[in-house]
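Residue numbers for the sequence shown follow the numbering used here, so the first one is 875 and each next one is one higher.
A short write-up of the structure that comes next.
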Amino acid sequence: MPRASTSNTQEASLGRLDGKTALITAAGAGIGRASAIAFARENARVIATDIDPTALESLSGIRNIETRLLDVTDRVAIADLIDRESGLDILFNVAGWVHHGTIEDCDREDWDKSILINLTSMYEMSRAVLPCMVQQGKGVILNMSSVASSVTGAPNRFAYGATKAGVIGLTKAIAADYVGQNIRCNVICPGTVDSPSLQGRMEAQGNYEQARQMFVSRQPMGRLGKPEEIAELAVYLVSDESAFTTGAVHVVDGGWTN
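Shown next, in the form of structure tokens:
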């Protein structure tokens, strides 16, 4: 009887990500922050990165989480970080930027910025971690896209939708190229999720309540998603529970595209 009790205690101390090291971008707020906390709760060693040092402060002191400043558009900074953090098992590319407007509202600077942050950053991060994962013979890359992509068109999201469609293509290409080396790559496509970024965009519209109602009204469930709801899906997709899943597009949008 005591032996059974000890065994149960040991099992209870293990999480779904026990023994794994995960690097998360844009981990200072929103889905990135919720995912860092969720991964840490599942006993992963989490390297939470963000360009904003103030945002990262909210994660300091949380068990299993280490914070690092990182600009995901800086190739040298990415290489330096990956060189220092050998043995990465998981990369979760969350960083992104939302441009508001149609193609006519999107000048070349907006277009280039959207590609750089939303797509090139994931190329750089993935390219940096893959050699280590190949050497280890295992690894998981998880990317953040959106239903505003090749999944569906959304008004005034031209540059965002185009680049997020690119993220889906990037994900499928990596999955196809590395499936034989025990490296998986999947993508999450959320609907509208309540986050500091969304709050800022709603306030920028000039009429916060009207903007919020617009975002809520396109969700059949009648509410915005929660960062924690996306984080729970992320935990599953980077864990061994999803070992037979790669190259898959996971839509979690409250029924928007149903």
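In this text, a Cβ means the ideal position worked out from N, Cα and C, and glycines have one as well.
- Between GLY1129 and MET1095, the CB-CB gap stays under 8 Å.
- Pairing ILE989 with ASN967, the inter-Cα distance amounts to about 14 Å.
- Under the three-state reduction of DSSP output, GLU998 falls in the helix class.
- ALA918 sits close to ALA896, with the two beta carbons spaced by under 8 Å.
- The region 906-916 makes no contact with the region 973-981: fewer than 3 CB pairs, one atom from each, lie closer than 8 Å.
- If you look at GLY1013, you'll find it in the beta strand (DSSP E) that goes 1013-1018.
- Classified as exposed, SER1091 has fewer than 16 neighbouring CB atoms from the shown chains inside 10 Å of its CB.
- C-alpha of GLY889 to C-alpha of ILE936: approximately 16 Å in a straight line.
- Proximity to ILE991 across PRO1005, VAL1041, GLN1093 peaks at VAL1041, based on C-alpha coordinates.
- Counting along the chain, ASP924 sits inside the beta strand (DSSP E) bounded by residues 919-924.
- It is roughly 15 Å from the alpha-carbon of GLU983 to the alpha-carbon of ARG1031.
- Put simply, the backbone Cα of LEU1004 is about 16 Å away from that of GLY1121.
- Here ASN967 carries a strand assignment [DSSP, helix/strand/coil].
- A straight line joining the alpha-carbon of LEU955 with that of ILE898 spans about 12 Å.
- Judged by beta-carbon spacing, VAL1014 lies beyond the 8 Å limit of VAL1125, meaning their Cβ atoms are not closer than that value.
- For the pair THR941 and ALA914, the CB atoms are not nearer than the 8 Å cut-off.
- In this structure, the CA atom of ASN1081 is about 35 Å from the CA atom of ASP948.
- As the crow flies, the alpha-carbon of ALA901 is around 16 Å from that of VAL1112.
- Following the DSSP letters along the chain, one finds ILE956 inside the alpha helix (DSSP H) bounded by residues 949-958.
- The Cβ atoms of GLY1054 and GLY1099 do not sit closer than 8 Å to each other.
- Judged by DSSP in its simplified three-state form, ILE1057 adopts strand.
- Spanning the alpha carbons of ARG1097 and LEU1044 requires a straight line of approximately 30 Å.
- The continuous alpha helix (DSSP H) containing THR1037 extends over residues 1032-1052.
- Following the DSSP letters along the chain, one finds LEU930 inside the alpha helix (DSSP H) bounded by residues 927-931.
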